[in-house]
Amino acid sequence: MSLPFQNLTSTSAGLALAVAACLCGAADAASKVTVSLIPSAAITPPGTEVDVTVRLGIETPAGETPTVALGAQVALRFDAALLEAILPNAVQNAPKGSFALNPSSTTVDSAAGTITFFVLDPTFAGVSTTADLAVLRMRVKDGVDSCGGDGLVWFDAVGGISTEIAVNNGTTVVPNLADLPDLNIDDEAPSLSVVPTTVTVPTDAGSTVGAVVAEPTVVATDNCDATVSVVRVVTLAGGATSSAWPAEFPIGASTVEWTASDEAGNTAVETQTITVENHQLMDAVILIPGATRDSNIVDRSIRFKVRSTFPTQTVTMYPDLASNRFEGLAMSVPVPVAASYACLCAKDLGFSVSAIDSTIGVVGTRYRAEFTLVQGDLNNDDLVDIVDFGAFLLREGQAAATDGQANFNADGWVNSADFSFIAINYFQTGLSCGDFTAGAPRSRMSIKELRRMGLGELASGDLNRDGWLDQQDVQQYLGHGGASAGASERMTPARW
Ligand SMILES: [Ca+2]
Ligand SMILES: [Ca+2]
Ligand SMILES: [Ca+2]
Ligand SMILES: [Ca+2]
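Mapping the sequence shown onto this note's numbering, position 226 (from 1) lands on 226, and the numbers just tick up by one.
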């Protein structure tokens, strides 16, 4: 049906109706005519407004006569469960362009989700390229399913009206139609899990930088998106930042901020704290010769000397009668950070002289050492000598706790079996990585000197009362058995 041009000279409302009345034919045209729905934003969370521009596009091949659009009728449906038209003027004139609405012909049914409107070019000059027909003012409803932004507005016949374009040859064109692209109305942040969130580790043995730390298990999921992007920012102790996972975390406290983002830009953040302690760890096998048939499991206080530090650990020692020794393991002994250790030193406080291990290795992230501790040093001067004999005599013949002083074999008594440790190891001196040397062991000391040293209680060991604690008293002990008993004593540690 031809467009009644003569009617287009009357009033605007009448024109629109006249155009509408005649938009019923189809026309051949060289031009490609399209009407598209263009949202004002691609990401429109619930509660936000979105303008939908109804845009006419006319593309004409070079050399062809373009189609000239004079007016249009448009019929649309929208998803009324998710979208609402902002009334009363949900359909408005486009801010720019040739076309004007006929307001009285505009229909908006919020419940049904339908819109129809008519526009025309009041100048009748027409449009042959691109022009906006109108703008729909819409709003994504509050509290709707935020994954439901697909196909919110589309072209469809409404009440017998469908979208058509009135053109200048008096006919109409059924345009190509491009519905509203999917909107992202997702307003829910992804779920982000970083395990563990707190990491505290010692410096790796052999490293002076820090520690290798495994990347955490990071799981990010989203209510809408199948994949979620996760980025991290590592802030190293000292302040440097990086997106890369460091080969080693430096000594100190570093943080890693993990951010998960969905396609709508909602984010979830987890911050991981990674602390590398300013020490390394050593595990040490402790071997103490001297387990006998009556030996018990016993706790010994093992002190290590590592540079200027003296980490001490209570180590449970188990008698191994097959090898006549106690065996135990000191775990996780903190030692100063060093690239390597050529020698380490240990002592069984109150029982052994010090010993070194010069075969220290690295197992995993820890140093591994082994010490064989020779017993007999009761006063911690790192010597087995006449002073220890005197100290032994103070306890000799008494019932003793398994870890009691002078109870070298950890049975129930201090007796000749324990004396044998002093006798066998007599004149032993401790070994200490060369940074200090124990004094010379003494075979005799005057009672006067013992008192001057604060060891007056050892005077009771002067069994023959000659003013000396010496070999003759040892001989007397061996010949006659026990000596003084019951005196309390307090040993004075020398270098340990
Ligand atoms: Ca989401
Ligand atoms: Ca000693
Ligand atoms: Ca004993
Ligand atoms: Ca004597």
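Backbone N, C-alpha and C fix where the C-beta goes; we use that ideal spot for every residue, glycine too.
In three-state terms, what does DSSP make of residue i?
| i | result |
| --- | --- |
| E498 | Residue 498 is absent from the model: the chain starts at 1 and stops at 496. |
| F408 | coil |
| L152 | coil |
| P61 | coil |
| Q472 | helix |
| S104 | helix |
| E396 | coil |
| G206 | coil |
| L431 | coil |
| L321 | coil |
| L478 | helix |
| V374 | coil |
| C22 | Its pLDDT being 44, under 50, C22 is placed unreliably by the model, and the measurement read from it follows with that caveat. Reduced to three states, the DSSP call for C22 is helix. |
| A131 | strand |
| K32 | strand |
| D500 | Only positions 1 to 496 of the chain appear in the structure, and residue 500 is not among them; the question remains open. |
| A27 | Unreliable positioning characterises A27 in this predicted model, as indicated by a pLDDT of 44, which lies under 50. The coordinate reading is nonetheless provided below. The answer is coil: DSSP assigns A27 none of H, G, I, E or B. |
| L450 | helix |
What separation, rounded to the nearest whole angstrom, lies between the Cα atoms of residue i and residue j?
| i | j | result |
| --- | --- | --- |
| L287 | A391 | 24 Å |
| Q428 | V213 | 45 Å |
| L152 | F99 | 25 Å |
| D187 | N266 | 7 Å |
| N324 | N425 | 15 Å |
| L349 | A330 | 14 Å |
| P61 | I86 | 39 Å |
| D462 | A342 | 43 Å |
| S105 | Q73 | 10 Å |
| G126 | D225 | 44 Å |
| L136 | L82 | 15 Å |
| V430 | G439 | Looking at the sequence shown, residue 430 is not Val but Gly. One C-alpha to the other measures close to 9 Å. |
| S31 | E164 | 14 Å |
| D179 | F155 | 6 Å |
| Y477 | F310 | 36 Å |
| S10 | E263 | Only weak support exists for where S10 lies, its pLDDT of 36 falling under 50; the coordinates are left without a value. |
| L394 | D381 | 17 Å |
| A253 | P216 | 16 Å |
| Q475 | A338 | 49 Å |
| Q398 | L373 | 24 Å |
| A291 | N409 | 5 Å |
| P319 | A417 | 15 Å |
| E248 | V234 | 12 Å |
| C345 | C433 | 7 Å |
| T314 | R300 | 6 Å |
| T172 | L192 | 55 Å |
| N168 | E64 | 15 Å |
Tell me, to the nearest whole angstrom, how far the beta carbon of residue i is from that of residue j; I am working on the premise that it is less than 8 Å.
| i | j | result |
| --- | --- | --- |
| G57 | S36 | 7 Å |
| L183 | G143 | Wrong, their Cβ atoms sit about 16 Å apart, outside the cutoff. |
| L70 | A134 | That belief does not hold up - the Cβ atoms of L70 and A134 are roughly 15 Å apart, past 8 Å. |
| V228 | P190 | 5 Å |
| T255 | V269 | Actually they are not in contact, since the Cβ atoms of T255 and V269 sit about 11 Å apart, beyond 8 Å. |
| P66 | S128 | 4 Å |
| Q280 | A355 | Wrong, their Cβ atoms sit about 21 Å apart, outside the cutoff. |
Checklist entry - Does the count of Cβ pairs from the segment 382–391 and the segment 453–462 closer than 8 Å reach three? => result Yes, they touch.
Item to check | Beta carbon nearer than 5 Å to a non-hydrogen atom of ligand 2 | outcome: D377, N379, D381, L383 and D388
Checklist entry - Between the segment 262–276 and the segment 207–222, do at least 3 Cβ pairs fall closer than 8 Å? => result yes
Checklist entry - When the Cβ atoms of the segment 69–87 are set against those of the segment 107–114, are three or more pairs found closer than 8 Å? => result yes
Checklist entry - Are at least three pairs of beta-carbons, each pair with one atom in the segment 393–404 and one in the segment 290–303, less than 8 Å apart? => result yes
Checklist entry - Between the segment 369–383 and the segment 233–246, are three or more C-beta pairs nearer than 8 Å? => result Fewer than three Cβ pairs drawn from the segment 369–383 and the segment 233–246 lie within less than 8 Å of each other, which leaves the two stretches out of contact.
Item to check | Residue list, Cβ distance to ligand 4 heavy atoms smaller than 5 Å | outcome: D462, N464, D466, W468 and D473
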